[in-house]
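Beneath this line is the structure, given in C-alpha cells, with notes to follow.
Number of protein chains: 2
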Amino acid sequence: MITEIAQITIDPAQAQAFEHAVAQASDIFRAAAGCRGMRLERMIEDPAKYTLRIQWDSVEDHMVTFRNSEGFQAWRALASPFFVAAPIVEHSREVLHGF
Amino acid sequence: MITEIAQITIDPAQAQAFEHAVAQASDIFRAAAGCRGMRLERMIEDPAKYTLRIQWDSVEDHMVTFRNSEGFQAWRALASPFFVAAPIVEHSREVLHGF
Chain E
-5 MITEIAQITI DPAQAQAFEH AVAQASDIFR AAAGCRGMRL ERMIEDPAKY
45 TLRIQWDSVE DHMVTFRNSE GFQAWRALAS PFFVAAPIVE HSREVLHGF
Chain L
-5 MITEIAQITI DPAQAQAFEH AVAQASDIFR AAAGCRGMRL ERMIEDPAKY
45 TLRIQWDSVE DHMVTFRNSE GFQAWRALAS PFFVAAPIVE HSREVLHGF
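Protein sequence lines, in the order shown, are assigned to chains E and L. Going by our numbering, the letters in the first sequence line up with residues -5 to 93, in that order. Going by our numbering, the letters in the second sequence line up with residues -5 to 93, in that order.
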C-alpha cells in the first residue's frame, strides 16, 4: 500500500466549505478501485494549507486508473474551485511503523 | 492530538543506515511526554526524501517539552548526521477521517 500526499492551498476564508466538499467526496474515493483510506489534515502554522492523504494499493491505482475515471472528474468538480494553486502531489511508502 | 510532519532529506546511498537510526530512536519518542505514535515514510518520486510523522498531544509537547529534553539531543545525535539539509517541520491536525 502507498499513500498519495496532496498539498492543497485554499483561501482560509473558504475553509468550512472546502472541508464540506472533501467530506462529500469521500464516497467517490471509497468507490475507487484500489482506494483504501482517506484523511484530510489542516496545517497549524498556515491554515490556508491542507494535506490530503489517500491510501491506494499502488501508484497506478491513483495516477492511471483513478485519474482516467469519472470519479476523478467528480472529485475535481467538487474540490478544484477552492484551489488557489495547483496541488502538489507526491506518493510515499511507509518504511517504519515505530509505535 | 496533532501530528508533527518533518520532511527530511538524506543521501539516498545512506538510506539503510538512516532507517536503522530512526528505528533505534523509536524508544526515545516512546518515552517522550505526550508522544503517541511515530511513522517514517519514504517518498517514491524522490528516494532522498523522507517524511517523519509523529503524533503528540499538543504542539507544545513537541516544540517546548521535547525540544528542551535530553531525548531531543539523543534523537538529533542519531539522525542529524544523515541530514543533507535542515528538516522542514510543520504540524497538522486531522479535520476529516473519511474512511
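Here a beta-carbon is modelled for each residue, glycine too, at the ideal position from N, C-alpha and C.
- In the three-state reduction of the DSSP assignment, M57 of chain E falls in the helix class, which pools H, G and I.
- Under the Cβ criterion of 8 Å, M57 of chain L is not counted among the residues facing chain E.
- Here T(-3) of chain E is actually not in contact with S86 of chain L; their C-beta atoms are around 14 Å apart, not less than 8 Å.
- G65 of chain L: member of the alpha helix (DSSP H) spanning E64 to A73, first to last residue.
- For I22 of chain L, the three-state secondary structure derived from DSSP is helix.
- Ranked by Cα distance from A27 of chain L, the first of L:A71, L:G92 and L:W50 is L:W50.
- A straight-line Cα-Cα distance of about 12 Å links D21 of chain E and F66 of chain E.
- Apart from sequence neighbours up to five positions away, the residues of its chain that approach V78 of chain E with a beta-carbon distance below 7 Å are T3, I4 and D5, ordered along the chain.
- The C-beta distance from F23 of chain E to I48 of chain E rounds to 6 Å, short enough to fall under 8 Å.
- If you compare the alpha carbons of E:A11, E:E35 and E:C29 with that of S52 of chain E, the shortest gap goes to E:C29.
- Here V16 of chain E is buried: its Cβ has 16 or more other Cβ atoms, across all protein chains shown, within 10 Å.
- Rounded to whole angstroms, the Cβ separation of E84 of chain L and E39 of chain E is 6 Å, and the two are in contact under 8 Å.
- It is roughly 36 Å from the alpha-carbon of L72 of chain E to the alpha-carbon of F93 of chain E.
- At a cut-off of 8 Å, the C-beta of R36 of chain L has a neighbouring C-beta in chain E.
- Among the residues facing chain E, V89 of chain L is included, as its CB has a counterpart in that chain under 8 Å away.
- Residues of chain L with a Cβ closer than 8 Å to the Cβ of S86 of chain E are, in chain order, E35, R36, M37, I38 and T45.
- Interface annotation, T(-3) of chain E: in contact with chain L, CB-CB separation under 8 Å.
- For A25 of chain L, no chain E residue has a Cβ inside 8 Å of its Cβ, as the nearest lies near 11 Å away.
- Using beta-carbon distances, A71 of chain L does not count as an interface residue toward chain E, since no partner is under 8 Å.
- Identification of residues in the segment 11 to 25 of chain L having a C-beta nearer than 7 Å to some C-beta of chain E yields E13, V16, A17, S20, F23 and R24, given in sequence order.
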